[in-house]
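Asker:
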DNA sequence: TTGTCTTCTGACAACGTTGTCACTTGTGTC
DNA sequence: GACACAAGTGACAACGTTGTCAGAAGACAA
């Protein structure tokens with residue numbers, strides 16, 4: 001910047017004004033400064049700028065995802081990015097791998113780089129550690145799952161309602177013995193989905209049968225094994241509800257291997273790429289990650305613009321996509 | 001930092017030494033400084049640090065992907081992140097959407113934030129604009145596709161060889177009329193894959209038939225339409241090679257709709273989630289995005305560690321995964 | 001002419017760090 | 001006891017910017 005100022009024969013302050021597009025610089029000087037910048041290949045240093053600026057903004061936000069490569073998380077990432085670019089804000093992303101410790105380390109690394117805001121898909125069981133960030137003025141929005149021991153804006157899917165919708169669909173098709181396969185019960189969303197199953201059965205006056213419920217199924221193989229076992233019982237379910245992505249795939253594999261995929265109904269939570277090309281196509285309760293990410297980013301930027309209203313809790317609705325597997329009759 | 005120094009009754013320089021883990025500070029002072037930092041909830045400011053540091057490192061790299069939410073790109077992202085975290089480096093990611101202009105804007109935004117290095121999955125047709133970054137000392141690595149008008153380290157898939165392997169597999173199974181469906185020919189990798197098809201047919205002494213080649217198929221629908229049309233000819237192909245992800249899905253849809261999925265062979269480039277659950281399972285030439293990302297990150301960090309050897313060009317091999325669709329006989 | 005106001009410009013300090021260098025101890029050697 | 005040397009510590013400037021404030025130059029009215 002000093003060199004540009006020297007070449008343009010102005011003070012560095014005037015260069016700063018031009019670079020920041022401030023008004024009150026005569027057109028002739030603006031031209032000279034721009035010409036000098038281009039000739040010297042000058043690039044504005046945002047880190048120095050944010051250090052000096054009164055608001056200290058870095059035009060960067062940090063997001064903690066479960067895994068940047070996981071389809072749900074990366075869809076969140078993309079829709080957050082789309083809102084951010086419109087404001088010239090860049091996104092630092094990191095994967096927590098369902099590990100509270102990595103989540104904390106990422107937040108700390110983001111904080112060291114003075115991000116303007118944080119969006120977190122939480123893994124940790126206790127978010128009181130975020131109090132210091134909050135005190136430093138960093139807005140924080142939680143997506144997909146609520147925080148624990150910490151009050152903050154959230155954007156969540158209505159998990160229980162989505163499951164209830166799917167279970168009701170199965171009941172309406174005449175099913176009474178509906179199996180449930182769920183993810184780790186410690187994950188809040190998984191617990192919510194299981195609650196939806198239990199409540200809908202109760203509402204439909206169908207007696208709960210604990211032999212038809214298997215939780216803590218992490219990954220495709222576990223789910224496949226559990227489904228295979230459940231279908232081998234003397235009174236097997238006539239329909240299955242799978243509470244998560246990979247669990248759905250595992251359940252479908254089990255049905256296929258047992259030759260039951262055209263006889264036992266299946267509904268899964270979360271859409272699956274190519275689900276329409278399978279035989280039968282898999283009926284799912286689809287989340288809307290793009291809407292979740294977009295909403296979260298909008299809430300975050302409103303906070304950055306000074307919105308100090310009480311914490312907001314947004315719910316994004318699910319949608320049932322019928323493709324065949326959920327419409328198999330008992 | 002000043003406050004911490006005051007509370008610990010030392011100079012701010014000593015606090016700096018402790019924060020950076022420099023040797024030569026007596027244990028008692030280290031304890032006092034750490035205690036004071038914790039009491040004041042002090043957080044090291046990396047932006048100020050990198051501004052002052054002689055090497056100017058920000059412990060942040062920037063990556064330009066085609067789309068952070070696309071499975072191939074996000075797998076790259078994840079494997080780059082895995083290498084970066086080990087060095088305490090964070091990743092700024094952005095999507096170019098196959099648009100050279102967005103690519104340039106992202107690079108410029110990264111440069112303003114003084115990233116230590118760049119990894120680019122290029123969209124632009126001319127990378128000479130990167131000369132100024134190079135001159136500023138920022139190492140740059142290209143992944144998936146080579147740069148144009150610019151010499152830099154690359155990590156690429158051997159596209160042509162992968163396609164040849166698949167086509168050879170079809171020929172060995174007795175096919176002579178093999179259709180080719182490809183992505184935009186302006187994308188270098190797509191052109192390479194098409195070249196592999198042409199060359200392997202020539203090697204196998206099979207005459208090229210231009211009615212069996214359709215390029216510039218962007219997206220599932222286009223591919224589905226082109227495949228449908230090609231299969232309707234008087235002398236239809238007995239096998240199809242699909243040069244890209246979505247093209248494979250489109251081709252499979254067309255085969256299914258025409259009831260030919262058990263009669264016409266299909267091999268696709270790039271693996272597809274759930275391809276094993278379809279009927280038949282789809283045989284693919286699988287890339288290894290994790291290996292590409294890992295290698296690229298390793299090359300980048302070696303450059304950051306001072307490696308000034310001539311530009312390196314790494315090739316990551318493909319793997320054929322047979323699942324049934326490629327083993328259908330004519 | 002003088003005074004007042006507006007518009008443009010620049011000098012200087014400061015943001016939170018770290019590199020440089022000089023100073024103060026303490027230890028060991030002759 | 002004098003001296004050299006190592007280890008620990010701090011004062012100060014500097015990194016590249018922007019906020020503050022003051023001053024110069026010109027326009028206009030009295």
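Residue numbers (the numbering used here), protein chains in the order written: chain A, 1 to 330; chain B, 1 to 330. We treat Cβ as the ideally placed atom computed from N, Cα and C, and that holds for glycine. Please read all numbers here as calculations on a predicted model, not as lab measurements.
(1) So is residue 131(B) buried or exposed if we call it buried at 16+ other beta carbons inside 10 Å?
(2) Using only the alpha-carbon positions, how far apart do residue 48(A) and residue 13(A) sit?
(3) Assuming residue 129(B) contacts residue 164(B) under a Cβ cut-off of 8 angstroms, what Cβ separation, rounded to an integer in Å, is found between them?
(4) Any Cβ of chain B within less than 8 angstroms of the Cβ of residue 221(A)?
(5) Are the C-beta of residue 256(B) and some C-beta of chain A separated by less than 8 angstroms?
(6) To the nearest angstrom, how far is it from the Cα of residue 241(A) to the Cα of residue 193(B)?
(7) Per DSSP, which residues does residue 63(B) bridge with? Please list them.
(8) So what does DSSP say about residue 157(A), is it helix, strand or coil?
(9) What's the C-alpha gap between residue 172(A) and residue 253(A)?
(10) Taking the alpha helix (DSSP H) that residue 285(A) falls in, what are its first and last residues?
(11) Compare the beta carbon distance of residue 287(A) and residue 157(A) with 8 angstroms and say whether it is the shorter of the two.
(12) Going by C-alpha distance, which of 220(B), 219(B) and 233(B) is nearest residue 213(B)?
(13) For residue 122(A), which residues of its own chain have a beta-carbon under 7 angstroms away from its beta-carbon, when the five flanking residues on both sides are left out?
(14) Which residues bound the alpha helix (DSSP H) around residue 197(A)?
(15) Let me know the secondary structure DSSP gives residue 361(A) once reduced to three states.
(16) Short of 8 angstroms Cβ to Cβ, which residues in the stretch 110 to 133 of chain A face chain B?
(17) Spell out the partners DSSP gives residue 268(B) in its beta bridges.
(18) Can you pull the chain B neighbours of residue 43(A), defined as C-beta to C-beta under 7 angstroms?
(19) Since residue 315(A) sits in a beta bridge, which residues does DSSP pair it with?
(20) With a cut-off of 8 angstroms, does the C-beta of residue 67(A) fall near any C-beta of chain B?
(21) Nearest CA to the CA of residue 225(B): which residue from 61(B), 247(B) and 239(B)?
(22) What in chain B is Cβ-close to residue 154(A), meaning under 9 angstroms?
(23) From residue 118(A) to residue 154(A), what distance separates their C-alpha atoms?
(24) Expressed to the nearest angstrom, what Euclidean distance is found between the alpha-carbon atoms of residue 321(A) and residue 278(A)?
(25) Can you pull out the residues from the stretch 91 to 104 of chain A whose beta carbon lies closer than 9 angstroms to at least one beta carbon of chain B?
(26) Quick one: any contact between the stretch 35 to 46 of chain A and the stretch 258 to 265 of chain B, if contact means 3 or more CB pairs under 8 angstroms?
(27) Mind listing the chain B neighbours of residue 200(A)? Cutoff is C-beta to C-beta under 7 angstroms, in chain order.
(28) Are the C-beta atoms of residue 75(A) and some chain B residue less than 8 angstroms apart?
(29) Counting contacts by CB-CB distance shorter than 8 angstroms, is residue 291(B) in contact with chain A?
(30) Listed from N- to C-terminal order along the chain, which residues in the stretch 21 to 55 of chain B have their beta-carbon within a distance smaller than 7 angstroms of any beta-carbon of chain A?
(31) Tell me the DSSP secondary structure of residue 206(B) in three-state form.
(32) Quick check on DSSP: helix, strand or coil for residue 1(B)?
(33) Confirm the yes/no value for this check: CB of residue 93(B), any heavy atom of the ligand FMN, distance under 7 angstroms.
(34) Using the Cβ count rule (16 or more neighbours within 10 Å means buried), how would you classify residue 22(B)?
(35) Going by C-alpha to C-alpha distance, which of 215(A), 160(A) and 199(A) sits closest to residue 185(A)?
(36) Spatial neighbours of residue 150(A) within its chain, please: CB distance less than 7 angstroms, with the 5 preceding and 5 following residues excluded, ordered by chain position.
Answerer: Let me spell this out:
(1) exposed
(2) Here the alpha carbon of residue 48(A) sits roughly 14 angstroms from the alpha carbon of residue 13(A).
(3) The pair is not a contact, with the Cβ atoms about 34 angstroms apart (cut-off 8 angstroms).
(4) no
(5) yes
(6) 42 angstroms
(7) 93(B) and 119(B)
(8) The answer is strand: DSSP assigns residue 157(A) an E or B state.
(9) 25 angstroms
(10) Where residue 285(A) is concerned, there is no enclosing alpha helix (DSSP H), although the beta strand (DSSP E) it sits in stretches over 283 to 286.
(11) yes
(12) 233(B)
(13) 103, 142, 145 and 147
(14) Boundaries of the alpha helix (DSSP H) harbouring residue 197(A): 188 to 203, taken from the DSSP string.
(15) Any question about residue 361(A) goes unanswered here, given that chain A covers just 1 to 330.
(16) 110, 111, 112, 113, 114 and 132
(17) 242(B) and 284(B)
(18) 111 and 112
(19) 156(A)
(20) So, interface residue.
(21) In terms of CA proximity to residue 225(B), 247(B) leads the group 61(B), 247(B) and 239(B).
(22) Residues of chain B passing the Cβ test: none, with the nearest at roughly 22 angstroms.
(23) 12 angstroms
(24) Residue 321(A) and residue 278(A) have their C-alpha atoms spaced approximately 14 angstroms apart.
(25) 91, 92, 93, 94, 95 and 102
(26) Contact between the stretch 35 to 46 of chain A and the stretch 258 to 265 of chain B is absent, because fewer than three Cβ pairs lie under 8 angstroms.
(27) Near residue 200(A) there are no residues of chain B at all, since even the closest Cβ is about 28 angstroms away, more than 7 angstroms.
(28) yes
(29) no
(30) 41, 43, 44, 45, 46, 47, 48, 50 and 51
(31) coil
(32) The three-state secondary structure of residue 1(B), taken from DSSP, is coil.
(33) This structure lacks the ligand FMN; in fact it carries no ligand of any kind.
(34) Note on residue 22(B): under 16 other CB atoms within 10 angstroms of its CB, so exposed under the neighbour-count rule.
(35) 215(A)
(36) 127, 128 and 130
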